[in-house]
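First comes the structure, then the notes that go with it.
Number of protein chains: 2
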Amino acid sequence: MTQSEENYLKGIYHLSHAGQQSVATNAIAEHMETKPSSVTDMLKRLAEKGLVDYQRYKGVSLTESGAQSALKVIRKHRLWEVFLVEKLDFSWDEVHEVAEQLEHIKSEQLIDRLDAHLDYPDFDPHGDPIPDKDGKFKAREKRLLSSLRPGDTGVCIGVKDSSSPFLRFLDKYGIALGSEISVTAKEEFDDSMAIRLGGQDLQISHQIASNLFVKPNR
Amino acid sequence: MTQSEENYLKGIYHLSHAGQQSVATNAIAEHMETKPSSVTDMLKRLAEKGLVDYQRYKGVSLTESGAQSALKVIRKHRLWEVFLVEKLDFSWDEVHEVAEQLEHIKSEQLIDRLDAHLDYPDFDPHGDPIPDKDGKFKAREKRLLSSLRPGDTGVCIGVKDSSSPFLRFLDKYGIALGSEISVTAKEEFDDSMAIRLGGQDLQISHQIASNLFVKPNR
DNA sequence: AAATAAATTTAGACAAAGCTAAAAATATGT
DNA sequence: ACATATTTTTAGCTTTGTCTAAATTTATTT
Ligand SMILES: [Mn+2]
Ligand SMILES: [Mn+2]
Ligand SMILES: [Mn+2]
Ligand SMILES: [Mn+2]
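Residue numbers (the numbering used here), protein chains in the order written: chain R, 872 to 1089; chain D, 872 to 1089.
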């Protein structure tokens, strides 16, 4: 399995919402920042290897084997992200690029020992679940902060957008995984909301609130 | 710089004894387990990029820039080996293959922080020196155990052969980096020697003694 | 100094992974 | 239903890195 193949499988996995739906060629091309014709070529190779079900013009979906491979890559990516943050003091907005490379290192022993070294984490620094050796992971109840209503409270458990600018914005305002958030008001007009966290009151736009996952209390 | 280019530079560096001598095409091919024609192709590409001095039929040598690049890869390889042994409890015969992959990860930040995390080690698990960011490393007085004479003593500080079978042999007989070794006798006939280490007496062949580096005591 | 052997390079293929431009299939609007 | 737009595929070309087989250069014998 080449790095490129692994990247395609991972991309298809995410675009298909964990292997549920089938995915369009153009969607893959956009996600991978490549051209649709290149995607078509790769889909043929992946189909040849039994990793995807592909009929031309009909979109593509992962086979069981393809999904398992994708999950292995995702497991590695997220474990490395934990390592970078926990052991090497990277901040959560600096880890993704490096993990994109590390996820392709081939060694069962390495990833098992890394997992143990990190004390078998369940979630990565962005709150995403880490699949175990068999590709299984814990699902958590999570809702977008934007779906809460005044009076509701919750704990921040993940981000939907994990781009550096967004993560740095959160750092700046002291919003981190584990933060207790209570919604004090919501503006009908632009869906912005007033929230209270750690003693301070903040006014956040809908764009922010709709990229933060919370575990609602109750 | 591609992975393959990095591997060639590293190979040439080692074959040229740290950039001293020039290296033959066939020697590179054998070392890299590839064909001489493939080597010729690559040498042209490396010469094009100013990483080697190459004239056809005349062998090849690293430029200053090529040597620096090789040293960066070697630095990464050896730091990762230390990490695997110190932090993930790999044994010294298990690290090489994985380090061969990890050495190609591109991130200054990663390798600097790894270096700090490991407390700036000077030597890798096989006793080889780790170049610093500028490619400089500490040279140590080291001699082959086979060059010592009865009555001489020394500390084991490295291995010449770092293959798994040899390293496991050393483990089996309790020979490790840091071991105090004294030569009690030497057989003229086959150059085997009797040594004493950690209370026990051992008889070792010339093949063993000529693959162990020691720092002689006076 | 030839003849022979060894080392090295060239020529021509191939696979992976990408691209552009053109063709074909599918979807949409009237 | 038909024209148009969108999506997807095909065809053909490029680069990297490999290979085999043949040609060439250099080294070693006789
Ligand atoms: Mn990531
Ligand atoms: Mn993540
Ligand atoms: Mn090594
Ligand atoms: Mn080593």
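All C-beta atoms, glycine included, are put in the ideal place defined by N, C-alpha and C.
Using a CB distance cut-off of 9 Å, Glu968(R) counts as an interface residue toward chain D. Straight-line spacing of the CA atoms in Phe961(D) and Lys906(R) works out to 42 Å. Between Leu933(D) and Ile883(D) a beta carbon distance of about 6 Å is seen, short of the 8 Å cut, so the two are scored as contacting. With a threshold of 9 Å between beta carbons, Arg1089(R) makes no contact with chain D. Cβ neighbours of Phe1008(D) within its own chain (closer than 7 Å, five residues either side excluded): Pro1000, Ile1001, Pro1002.
The DSSP-derived three-state label of Leu1068(D) is strand. Distance between Ile1052(D) and Leu981(R), taken at the CA atoms: about 33 Å. The count of Cβ pairs closer than 8 Å, one atom from the region 1034-1045 of chain R and one from the region 1065-1083 of chain R, reaches three, so the stretches are in contact. When Cβ-Cβ separations below 9 Å define contact, Ser978(R) makes contact with chain D. Rounded to whole angstroms, the gap between the alpha carbons of Leu1083(D) and Ile1028(D) is 8 Å. Every beta strand (DSSP E) stretch that sits fully inside the region 963-1047 of chain R and reaches 3 residues is listed by chain position as 1024-1030.
Per DSSP, the beta-bridge partners of Ile1052(R) are Gly1025(R). Here the residues close to ligand 1, judged by CB distance below 6 Å to any of its heavy atoms, are His948(R), Glu952(R), His967(R), Ala970(R) in chain order. Taking the Cα positions, Arg927(D) is about 14 Å away from Ile899(D). Proximity of the region 914-927 of chain R to the region 970-986 of chain R falls short of the contact definition, fewer than three beta-carbon pairs being nearer than 8 Å. Assigned with DSSP and collapsed to three states, Tyr928(R) falls in coil, not helix or strand. Annotated as proximal: Arg1020(R) and Val1054(R), with beta-carbon spacing under 9 Å.
Checking the DSSP bridge columns, you'll see Phe1084(R) partnered with Leu1015(R), Gly1029(R). Remark: the shortest separation between the CB of Ser875(R) and any heavy atom of ligand 3 does not fall under 8 Å. For Ala938(R), the CB contacts under 6 Å within the same chain, skipping 5 residues up- and downstream, are Gly890 in chain order. For the options Leu917(D), Leu959(D), Leu886(D), Asn897(D), the alpha carbon positioned closest to that of Ser875(D) is the one of Leu917(D). Contact between Arg1014(D) and Pro1087(D) holds: their C-beta atoms lie close to 6 Å from each other, under 8 Å.
In this structure Lys881(R) does not touch Val931(R) by the C-beta definition: roughly 14 Å separates them, more than the 8 Å allowed. Rounded to the nearest angstrom, the gap between the Cα atoms of Leu973(D) and Ser909(R) is 28 Å.
Under DSSP, Lys1057(D) forms a beta bridge with Met1064(D). Remark: C-beta atoms of Glu877(D) and His975(D) approach each other more closely than 9 Å. Proximity of Leu1019(D) to chain R, defined by a Cβ-Cβ separation below 9 Å, is not satisfied. For Phe1008(R), not one C-beta of chain D is nearer than 9 Å to its own C-beta. Residue-level contact by beta carbon holds for Phe961(R) and chain D, with a gap shorter than 9 Å. Only those residues of the region 976-1004 of chain D whose C-beta falls short of 9 Å from the nearest C-beta of chain R are listed: Ile976, Lys977, Ser978, Gln980, Leu981, Arg984, Leu985, Ala987, His988.
The C-beta of Phe1060(D) has fewer than 16 other C-beta atoms within 10 Å across all chains shown, which makes the residue exposed. Between ligand 3 and the CB of Asp995(D), the shortest heavy atom gap is smaller than 8 Å. About 6 Å separates the beta carbon of Gly998(R) from that of Leu1048(R), a gap short enough to meet the 8 Å contact definition. Shown here for Val956(D): same chain residues with a beta carbon closer than 8 Å to its own, the five before and five after excluded, namely Ser962, Trp963, Val966, Pro996 in chain order. The three-state secondary structure of Leu1073(D), taken from DSSP, is strand.
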